[in-house]
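Q:
In this note's numbering, the protein residues as written are 2 to 562.
This is the structure we're talking about:
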């Protein structure tokens, strides 16, 4: 639960350090005193959007920091969050901090470690719930009504399993639709693709053949020139009189002759012999090439025809090499195979969709059964809670109707309400007045508060529009929600509610040397009496109001939850 709150340079608050305690606390103060500022600061710690206007004028940044205890009721949940987010876990304590610069940039920290805003929001949801009049609008949202039933039915694990199955089903359906579209497109082009494939397949393309053909065509085009040059080279190397090979052979022989008297000639002879071997190999290859080079008109025509075929296909398919044509051929073949095997693959995917649909429906049905049981419990408990809140003829029903599979299951949940026996039952948001909706929401929060691990709940002026006996009953409910190692905090204008708080805070504005500032203080017993007396009588506090305030406080002490 919330233990300490530190605020610096946040709107009208220059510096605030305040402690909070278990049980039911109240916050009072005149309209505009700054109570909403406290909530705005706490909202930053639950992931609300930051705004540069929240920074006090002239300050470089604002800081909001809260210390929470993590008792046994939420210890496991919080520890798992820290493990999942790779954060250092400190038993029994958790510190959330948010900083907003004058330029509007925001940073979030958990136990002094920078985190994403999403992580702070997730953790904040486990630590604190701020319930305001604005939240009453949730009553008309179907997903909120479904979530109430799921909380009461302890459906978290079942929902997690179902949602996993549902997402798998949606993915399989998307794949099926994509396959249908691809098959339809391929079928529409099938005849043309078959023509293209036949053209490429009949060409019997071979990787690398274009380069070989182009080189062969180049050689044949200059056959006479090449053959003449090769013949001259062959004569130079193999000529009987001055041929290079014969000259080398003679030189080697002369060196060998003087070897007995000139030792160095042996090494020179070996080197010349190596040259002879290499040149002899070249001479043999030149000689063979002379015989190979022939201009064959028929072969030249075949080469040109083959190259024309390749060039035509390259132009038609907008590529520049044979390898790309082969790749295009294989791609068309694959698409044709998809057409030929399309119905079979579609049938396989449809079977998968049917199987996943069956699994999802089976899991959704189990959730529906638990929701229907929980609906009876909600109806009974809500009626019991609303009667003391000034709606004696209340009728409250929860309809769980069949619906299409969705992320939350296969149910449409509707809360039906009637404030008297003569009016028909209708969706609660359509027929309940503002005051009735506030009481319905408070009753729902009180009911689900016993089913979830939420240590701190703050009520922001949800008592607007009620008074007298109803206000006292609402105060009792809020006090009940702040019992049993939990914490309830109510921002209120009603003395009946303020009198029930075990700790009383007052927010007030004051003028300082730097301008208007909001202050929040804990009231002692006498200051509390005066504050409640003022809430009863207005600006002029009468003795009767003081006596009435003392009586309300005593009554609150004697009505401990």
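Note that the Cβ used here is the ideal one computed from N, Cα and C, for glycine as well.
1) Please classify residue 379: is it buried, with 16 or more other beta-carbons within 10 angstroms of its beta-carbon, or exposed?
2) For residue 18, which residues of its own chain have a beta-carbon under 6 Å away from its beta-carbon, when the five flanking residues on both sides are left out?
3) Once the 5 residues before and after residue 472 are set aside, which same chain residues still bring their CB inside 8 Å of it?
4) Rounded to a whole number of angstroms, what is the C-alpha to C-alpha distance between residue 83 and residue 89?
5) Figure out for me which residue from 3, 14, 5 has the closest Cα to the Cα of residue 515.
6) To the nearest angstrom, how far is the alpha carbon of residue 188 from that of residue 340?
7) Bridge partners of residue 400, per DSSP?
8) Just to confirm before moving on: does the CB-CB distance between residue 406 and residue 173 stay below 9 Å?
9) Helix or strand or just coil, what does DSSP make of residue 506?
10) Just verifying my parser: in three-state terms, what is the DSSP assignment at residue 308?
11) Could you please give the first and the last residue of the uninterrupted beta strand (DSSP E) stretch that includes residue 18?
12) Looking at residue 48 and residue 2, is the spacing between their C-beta atoms short of 9 Å?
13) Looking at the secondary structure, which residues open and close the beta strand (DSSP E) in which residue 524 lies?
14) Please list the segments of the beta strand (DSSP E) lying wholly inside the segment 53-99, counting only runs of 3 or more residues, in order along the chain.
15) Quick check on the DSSP output: the alpha helix (DSSP H) that includes residue 335 runs from which residue to which?
16) For the beta strand (DSSP E) that contains residue 115, what are its first and last residues?
17) Which class does residue 429 belong to by DSSP, given the choice of helix, strand or coil?
18) Report yes if the CB atom of residue 163 is closer than 9 Å to the CB atom of residue 365, and no otherwise.
19) Pick helix, strand or coil for residue 27, following the three-state DSSP scheme.
20) What's the C-alpha gap between residue 45 and residue 69?
21) Going by DSSP, what residue range makes up the alpha helix (DSSP H) through residue 457?
22) Quick one: grab the DSSP three-state call for residue 11.
23) In angstroms, rounded to a whole number, what distance separates the CA positions of residue 401 and residue 389?
24) Return the CA-CA distance between residue 562 and residue 536, expressed in angstroms with no decimal places.
25) Using the Cα positions of residue 232 and residue 338, report the straight-line distance between them to the nearest angstrom.
26) Can you give me the Cβ contacts of residue 217 inside the same chain, cut-off strictly under 7 Å, excluding the 5 residues immediately before and after it?
27) If residue 287 sits next to residue 234, beta carbons under 8 Å apart, how far is it from one beta carbon to the other, in whole angstroms?
28) Which class does residue 110 belong to by DSSP, given the choice of helix, strand or coil?
29) Would you identify the three-state DSSP class for residue 206, choosing helix, strand or coil?
30) To the nearest angstrom, how far is it from the Cα of residue 202 to the Cα of residue 223?
31) Is residue 32 helix, strand or coil by DSSP?
32) Assess contact between the segment 175-189 and the segment 302-320, defined as three or more Cβ pairs (one per stretch) separated by less than 8 Å. Is contact present?
33) Rounded to a whole number of angstroms, what is the C-alpha to C-alpha distance between residue 10 and residue 104?
34) Buried or exposed for residue 297, going by 16 or more other Cβ atoms inside 10 Å?
35) Relative to the C-alpha of residue 290, which candidate in 394, 225, 353, 426 has its C-alpha closest?
A: According to the structure data:
1) It is buried - the Cβ of residue 379 has at least 16 other Cβ atoms within 10 Å.
2) The beta carbon of residue 18 lies closer than 6 Å to those of 7 in the same chain, with the five residues before and after it left out.
3) Here the set comprises 464, 495, 497, 498.
4) Spanning the two alpha carbons is a distance of roughly 7 Å.
5) Residue 14 is the option with its Cα nearest to residue 515.
6) A straight-line Cα-Cα distance of about 6 Å links residue 188 and residue 340.
7) Its beta-bridge partners are 415.
8) At least 9 Å separates the beta-carbon of residue 406 from that of residue 173.
9) In this structure, DSSP gives residue 506 an extended state, which the three-state scheme calls strand.
10) Correct three-state label for residue 308: helix.
11) Residue 18 -> beta strand (DSSP E) spans 14-20.
12) No; because the gap between Cβ atoms is not below 9 Å, this pair is not in contact.
13) Residue 524 -> no beta strand (DSSP E), and no H or E assigned at all.
14) List check, beta strand (DSSP E) in window: 62-71.
15) Its alpha helix (DSSP H) spans residues 323-341.
16) Its beta strand (DSSP E) spans residues 114-116.
17) DSSP places residue 429 within a helical segment (H, G or I) once states are collapsed to three.
18) Yes; because the gap between Cβ atoms is below 9 Å, this pair is in contact.
19) Residue 27 sits in a strand when the DSSP states are folded into three classes.
20) In this structure, the CA atom of residue 45 is about 15 Å from the CA atom of residue 69.
21) Residue 457 -> not in any alpha helix (DSSP H); beta strand (DSSP E) instead, spanning 457-461.
22) The DSSP-derived three-state label of residue 11 is strand.
23) Between the alpha carbons of residue 401 and residue 389 lies a distance of about 27 Å.
24) Reliability fails at residue 562, whose pLDDT of 44 lies under 50, so the model's placement of it is uncertain and the value that follows must be treated cautiously. Approximately 24 Å, taken between the alpha carbons.
25) Roughly 57 Å separates the two Cα atoms.
26) Taking residue 217 as the centre and dropping the five residues before and after it, the same chain places the C-beta of 304 closer than 7 Å to its C-beta, in chain order.
27) About 5 Å; that satisfies the 8 Å criterion.
28) It is a strand residue.
29) The answer is coil: DSSP assigns residue 206 none of H, G, I, E or B.
30) It is roughly 33 Å from the alpha-carbon of residue 202 to the alpha-carbon of residue 223.
31) Assignment of residue 32 by DSSP, reduced to helix, strand and coil, places it in the coil class.
32) Counting C-beta pairs with one atom in each stretch, the segment 175-189 and the segment 302-320 have fewer than three that are closer than 8 Å, which means they do not touch.
33) So the two alpha carbons sit approximately 14 Å from each other.
34) Looking at its Cβ environment, which holds fewer than 16 other Cβ atoms inside 10 Å, residue 297 is exposed.
35) Among 394, 225, 353, 426, the Cα nearest to that of residue 290 belongs to 225.
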